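In what follows, a structure is listed as C-alpha cells, so that the remarks can point back to it.
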Amino acid sequence: QVQLQESGPGLVKPSETLSLTCTVSGDSINDYYWGWIRQPPGKGLEWIGYIYYSGTTSYNPSLKSRVTISLDPSKTQFSLKLNSVTAADTAVYYCARARSFAYFDYWGQGPLVTVSS
Amino acid sequence: QSALTQPASVSGSPGQSITISCIGTSSDVGKYNLVSWYQEHPGKAPKLMIYEVSQRPSGVSDRFSGSKSGNTASLTISGLQAEDEADYYCCSYAGSTTFLLFGGGTKLTVL
C-alpha cells in the first residue's frame with residue numbers, strides 16, 4: 178500500500194520560505210509524477226506543481242516564480258519550497274502521487290501551514 | 345486561467361441520484377479527456393473517485409460515474425448514501441502552460 182507523509186514546520190514567518198518534505202513508502206519513485214496541492218482554510222484545492230521521476234518539473238503559473246519542487250530518489254522523498262510567503266499562503270499542503278500528469282491517486286494527510294509573525 | 349465552475353452545493357435524499365456539474369472551457373475540459381473527480385470528507389485527504397472523465401479506480405463504488413459533454417463534465421452519484429456526504433472537486437488538464445485546474449468544490453448534503 179502506497180503511503181505519503183508530509184513533514185515540516187507548521188508555522189512560517191511572512192517573507193520567509195515554506196519548506197515541506199514528503200516521504201513515500203510502499204512503492205518506488207519511478208514512473209510517476211509527484212505533486213503538491215494546497216487548500217486554504219475553508220476554500221478549494223489549488224495545484225502547486227509536480228516533478229516527474231526523471232526530474233522534470235511543472236508549476237502553477239501563478240506560483241511559478243516562488244516555487245521549487247525537488248526529488249531525492251535515494252530517500253524516496255520529494256520536497257516543496259515556497260519563498261516570500263504571505264498570509265495568503267496559509268493552507269493545508271498535500272503531497273500526492275500522480276499516475277499520469279492529470280490525476281492524483283494517493284495523497285498524504287496534509288499538515289496545516291500557517292504564515293504568521 | 346480561472347478555476348473550473350462547480351455549484352456550491354447540491355443535496356439529495358438517500359437512494360436518489362444527483363449530478364454535479366463542472367464547467368470549463370474549450371482549452372481544458374472541452375479539449376482533453378483528462379477530467380478527474382475527488383471526494384473530500386472533513387479533515388481527511390481527498391480521494392480519487394473518477395479519472396479520465398469516466399474511469400473508476402479500483403475500490404470505488406460503481407454508484408459513482410463520470411461523463412463529459414462539450415465544456416462540461418459531470419459526476420453522477422446514484423443510490424445516494426449517508427456516507428456520500430462530502431465535498432467534491434473536479435480537476436482538468438489544461439495544456440502544457442496551465443497544466444491542472446481544480447473546480448471550486450461542491451458540498452453534497454444527504455438529507
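Here the protein sequences come in this chain order: A and B. In terms of the numbering used here, the first sequence has 268 at position 91, counting the first letter as 1, and numbering is strictly consecutive. In terms of the numbering used here, the second sequence has 354 at position 10, counting the first letter as 1, and numbering is strictly consecutive. Note that CB positions come from ideal geometry on N, CA and C, so glycine has one too. In this text, all values refer to a predicted model and were calculated from it rather than measured experimentally.
Whose C-beta lies closer than 8 Å to the C-beta of residue i among residues of the same chain, with five residues either side of it excluded?
i: Val397(B); result: Asn377, Leu378, Val379, Gly410, Ser411, Lys412, Ala417
i: Ala275(A); result: Tyr209, Tyr210, Trp211, Gly212, Tyr227, Phe281, Asp282
i: Gln350(B); result: Ile364, Ser365, Cys366, Ile367, Tyr432, Tyr433, Cys434, Gly447, Gly448, Gly449, Thr450
i: Ala426(B); result: Pro358, Val454
i: Pro191(A); result: Val262, Thr263, Ala264, Val292, Ser293, Ser294
Short check: CB of residue i to CB of residue j, under 8 Å?
i: Trp213(A); j: Gly221(A); result: no
i: Thr453(B); j: Asp431(B); result: no
i: Leu290(A); j: Leu195(A); result: A small fix is needed here, since residue 290(A) is Val in this sequence, not Leu. Contact flag set, yes.
i: Leu257(A); j: Gly232(A); result: no
i: Val224(A); j: Phe446(B); result: Note that residue 224(A) is Trp in the sequence shown here, rather than Val. In contact: Trp224(A) and Phe446(B) (Cβ atoms closer than 8 Å).
i: Tyr382(B); j: Tyr433(B); result: yes
i: Val189(A); j: Val262(A); result: yes
i: Gln182(A); j: Gly203(A); result: no
i: Gln254(A); j: Cys199(A); result: yes
i: Tyr271(A); j: Ala389(B); result: yes
Once DSSP output is grouped into helix, strand and coil, what is the label at residue i?
i: Lys388(B); result: coil
i: Ala352(B); result: coil
i: Arg276(A); result: strand
i: Lys220(A); result: coil
i: Arg407(B); result: coil
i: Glu396(B); result: coil
i: Lys258(A); result: strand
i: Asp372(B); result: coil
i: Lys412(B); result: strand
i: Gly439(B); result: helix
i: Lys252(A); result: helix
i: Ala426(B); result: helix
i: Asp282(A); result: strand
Which chain B residues are close to residue i, counting only those with a beta carbon under 9 Å from its beta carbon?
i: Trp168(A); result: For residue 168(A) there is no data in the structure shown, the boundaries of chain A being 178 and 294.
i: Ser235(A); result: Ser440, Phe443, Leu444
Whose C-beta lies closer than 7 Å to the C-beta of residue i among residues of the same chain, with five residues either side of it excluded?
i: Ser235(A); result: Gly226, Tyr227
i: Asp266(A); result: Leu195, Leu259, Val292
Please compile the residues from chain B whose C-beta is within a distance smaller than 7 Å of the C-beta of residue i.
i: Gln286(A); result: Ala389
i: Phe281(A); result: Leu392
i: Ser196(A); result: Those do not exist, as Ser196(A) stays about 20 Å from chain B at its closest Cβ, beyond 7 Å.
i: Pro191(A); result: Within chain B, no residue comes near Pro191(A); the closest Cβ sits about 25 Å away, beyond 7 Å.
Using a C-beta to C-beta distance shorter than 9 Å, which residues of chain A count as neighbours of residue i?
i: Ala352(B); result: Within chain A, no residue comes near Ala352(B); the closest Cβ sits about 10 Å away, beyond 9 Å.
i: Gly410(B); result: Neighbours of Gly410(B) on chain A: none; closest Cβ ~11 Å, over 9 Å.
i: Pro358(B); result: Simply none; closest approach about 27 Å.
Starting from the beta carbon of residue i, find every residue of chain A whose beta carbon is closer than 7 Å, and list them in chain order.
i: Gly439(B); result: Within 7 Å Cβ-Cβ: nothing; Gly439(B) doesn't reach chain A, min ~11 Å.
i: Gly423(B); result: Residues of chain A passing the Cβ test: none, with the nearest at roughly 24 Å.
Near residue i, which residues of its chain fall below 6 Å by C-beta distance, leaving aside the five closest residues on each side in sequence?
i: Gln216(A); result: Leu222, Ala268, Val269
i: Pro250(A); result: Ile206
i: Ile246(A); result: Gly226, Ile228, Thr234, Leu257
i: His385(B); result: Ala430
i: Tyr395(B); result: Ser380
i: Gln360(B); result: Leu424
i: Ser355(B); result: Thr453, Leu455
(request) Quick one: which residues of the stretch 386–399 of chain B get their C-beta closer than 7 Å to a C-beta of chain A? List them in chain order. (result) From the stretch 386–399 of chain B, only Ala389, Pro390, Leu392, Tyr395 have a Cβ closer than 7 Å to chain A.
(request) Can you give me, in chain order, the residues of the stretch 364–388 of chain B that have a beta carbon less than 7 Å from any beta carbon in chain A? (result) Listed by position, the residues of the stretch 364–388 of chain B near chain A (Cβ gap below 7 Å) are Leu378, Ser380.
(request) Taking a Cβ distance cut-off of 9 Å, strictly less, list which residues of the stretch 206–225 of chain A are near chain B, in chain order. (result) Within the stretch 206–225 of chain A, Gly212, Ile214, Gln216, Lys220, Gly221, Leu222, Glu223, Trp224 place their CB atoms closer than 9 Å to a CB of chain B, listed in sequence order.
(message) Which residues of the stretch 242–274 of chain A have a Cβ closer than 7 Å to any Cβ of chain B? Give them in chain order.
(response) Within the stretch 242–274 of chain A, those residues whose Cβ lies closer than 7 Å to any Cβ of chain B are, in chain order, Tyr271.
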